[in-house]
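Beneath this line is the structure, given in C-alpha cells, with notes to follow.
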C-alpha cells in the first residue's frame, strides 16, 4: 500500500503572518502558515522551517534527559553508590524530570514555555542545594524555603501576568529568570562562610555551577540582543538564530549542572561527613 505523501505548505514571510508569530524583527522568512491544527503542527516536524532547530534543540535533549533520568541514572547509582539513600537518587530524578518537562513541552506548547523554565529552575535548585548541604538538613530547608518564595513570586508576577507576555516585555521576563537563577549564589556565598572554599568546591561542585552560569549568561545576552540575526537579517532565518543558540546553551547548562551535582554527590558519598539521611 502506498504511503500518503506529506503535505508541505508554502512557507511565508514575516509580513504574511500575525504579529504575535513574527515576534523577531530580524527573522523575515521561513514561517509556517497559522493553521490552528494540532495534526498539521505535528506534521511540521518533518519539514524544514524557521522553528525546526528550536523544536529539535529541545526535543532531542528531552529524550536524552528521559533516558538519563529513568535508566542510565538509576544504573549509575546502583553500580557506583550501592549504599546511597533513596532520597539521594530521588533529587537527581527530580532534576531529570523537570528537564524533560522543560525541553519536551516548551516548544510544543509555547504558552507553557516560561512555566516549564520555572520548573527547570526548581529542579536545579533542589539537586544543587541537596548535594551542597548534604550533611546540613536545616540549611537545606532554609535554602529550599527561600527558593520556593522566589519561584512563587516569579510564577505569580512574571509568568502568569498577562501584561508581561508580549514581546515588549521579553527583556523583563529574561531579567527576572536570570536574577532568580543566580539567586542560587546566595546559598553558595553563605556556605563559603561556613566551609573552606576548597572543600566547598568539591562538596557542592562549584566549578560546574560557574560554568553553567556562564553558559546561561552568554545564551541570554545573544537572545536579548537578537545576535547574530540582527547583524545580518535573513541569513540566520533557518540556521543559527539567537533563540536556537540560546536553547543550545541552556541545554548545555542543564547537563553541566547534572554532571556537577553527580560529581559533588560522589565526593560526599566517598568522604562521609555524616550518616546517610
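Numbering (the working numbering), first residue to last: 380 to 656. Every residue, glycine too, gets a C-beta built ideally from N, C-alpha and C. Please read these numbers as outputs of a predicted model, since none were measured by experiment.
By the Cβ neighbour-count rule, residue 651 is exposed, with fewer than 16 other Cβ atoms within 10 Å of its own. For residue 514, there is no enclosing alpha helix (DSSP H), as DSSP marks it with neither H nor E. Taking all protein chains shown into account, residue 430 has 16 or more neighbouring C-beta atoms within 10 Å of its C-beta and is therefore buried. Contact annotation, residue 445 with residue 479: C-beta distance approximately 5 Å; criterion of less than 8 Å satisfied. In the DSSP assignment, residue 410 is bridged to 391. Proximity of the segment 594-603 to the segment 628-636 meets the contact definition, three or more beta-carbon pairs being nearer than 8 Å. Rounded to the nearest angstrom, the gap between the Cα atoms of residue 586 and residue 580 is 7 Å. For the 8 Å CB-CB criterion, residue 550 and residue 603 form a contact. Residue environment analysis places residue 568 among the exposed positions, since fewer than 16 neighbouring C-beta atoms fall within 10 angstroms of its C-beta. Of the residues 616, 623, 498, the one whose Cα lies closest to the Cα of residue 410 is 616. Here the alpha carbons of residue 499 and residue 628 stand approximately 14 Å from one another. Residue 427 carries a coil assignment under DSSP once its states are collapsed to helix, strand and coil. Under the 8 Å Cβ criterion, the segment 460-477 counts as touching the segment 494-511, having at least three qualifying pairs. The C-alpha of residue 649 lies about 50 Å from the C-alpha of residue 417. CA-CA distance, residue 563 to residue 570, rounds to 11 Å. For residue 594, the closest of 469, 557, 408 by C-alpha to C-alpha distance is 557.
Scanning the segment 413-472 from its first residue to its last, the whole alpha helix (DSSP H) runs of 4-plus residues come out as 417-422, 431-446, 452-459. C-alpha of residue 552 to C-alpha of residue 530: approximately 13 Å in a straight line. Taking 4 residues as the shortest admissible run, the segment 573-636 contains the following complete alpha helix (DSSP H) segments, listed from N- to C-terminal end: 576-583, 585-604. With 16 or more neighbouring CB atoms inside 10 Å of its own CB, residue 495 falls in the buried class. Judged by beta-carbon spacing, residue 578 lies beyond the 8 Å limit of residue 511, meaning their Cβ atoms are not closer than that value. Following the DSSP letters along the chain, one finds residue 556 inside the alpha helix (DSSP H) bounded by residues 549-561.
In this structure residue 419 is not in contact with residue 408, their Cβ atoms being roughly 19 Å apart against a cut-off of 8 Å. By the CB criterion at 8 Å, residue 402 and residue 546 fall inside the cutoff. Burial check for residue 622: the Cβ neighbour count within 10 Å reaches 16 or more, so the residue is buried. When the beta-carbon positions are compared, residue 609 and residue 400 stay at least 8 Å from each other. Nearest in C-alpha terms to residue 439, of all of 450, 428, 424, is 424. With a threshold of 16 other beta carbon atoms within 10 Å, residue 647 meets it and is buried.
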